[in-house]
Amino acid sequence: MSLKQWGAALLGCATLLLTACTVVDLDENGKPIMPADPNAKANFDNQTPQQIAQQTWQERVIDAAHKKALDATALSTQLKTPSPDAESVFVRLTSKVERVDLSNAREQKLIMTFNGQPLEVQTGPVIRGNAIRDATGFKFEDFTNQVQFAQLSRAYNREAVKNLPKIDESWTGKTATVLMAVTLNGGKAENAAALELKQEAQ
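Note that our numbering gives residue 753 to position 62 of the sequence shown, counting from 1, and the numbers run on in steps of one.
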């Protein structure tokens with residue numbers, strides 16, 4: 692092969708390589724911005740539980756709750772055939788507020804009716820349990836730093852309280868809609884934690 696033919700062959704290869712490449716945007720430092728791998732495990736190694744909660748709140752909690760929330764009928768069905776292990780789910784319930792429990796200023800609750808039984812819905816400022824974290828689908832093995840996973844519940848619970856209206860005795864007797872995370876355990880709904888809460892027009 693002549694030198695000219697070699698040159699043409701090399702040029703053809705170079706053109707082929709260039710057309711096969713994807714154009715990648717550069718950041719302000721001139722470094723390539725690589726698109727996120729949708730199958731990659733979330734990396735929270737250098738983040739605090741509070742940062743993780745704030746970063747994932749909209750997508751993993753609010754958006755997911757609106758898409759996946761069980762209504763009263765679906766929740767009732769699930770409680771009748773309980774899983775052997777406790778599981779947490781998102782629920783949307785519209786019901787009458789039977790009473791408001793303000794006896795503990797740090798752990799205020801709305802007591803609503805579900806299936807003819809009282810259901811305590813935590814509204815803060817302190818919310819207990821892992822219902823919100825576990826309803827997101829996060830698992831222990833998603834975190835290399837297990838302390839983050841353990842503390843993520845409290846961070847999510849604090850995030851929830853930021854978005855809730857203040858409750859008082861005036862809620863009693865009113866119809867309200869609550870979007871919440873609930874832990875289902877042995878056929879009972881436990882540790883209900885409000886995510887969104889509003890009174891319905893009377």
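Where is the CB? At the ideal position from N, CA and C, for every residue including glycine. Every value quoted in this text rests on a predicted model; they were computed, and no experiment measured them.
Taking C-alpha positions only, residue 853 is separated from residue 746 by approximately 15 Å.
Straight through space, the alpha carbons of residue 884 and residue 806 are spaced by roughly 18 Å. Apart from sequence neighbours up to five positions away, the residues of its chain that approach residue 738 with a beta-carbon distance below 8 Å are 746 and 839, ordered along the chain.
Per the C-alpha coordinates, the member of 784, 865, 755 and 760 positioned closest to residue 790 is 865.
Going by C-alpha positions, residue 758 is about 22 Å away from residue 774. For residue 889, the secondary structure class from DSSP, reduced to helix, strand or coil, is strand.
Taking 8 Å as the upper bound for CB-CB distance, residue 823 and residue 872 are in contact here, some 4 Å apart. Rounded to the nearest angstrom, the gap between the Cα atoms of residue 888 and residue 855 is 6 Å. Nearest to residue 891 by alpha-carbon distance, out of 750, 764 and 787, is 787.
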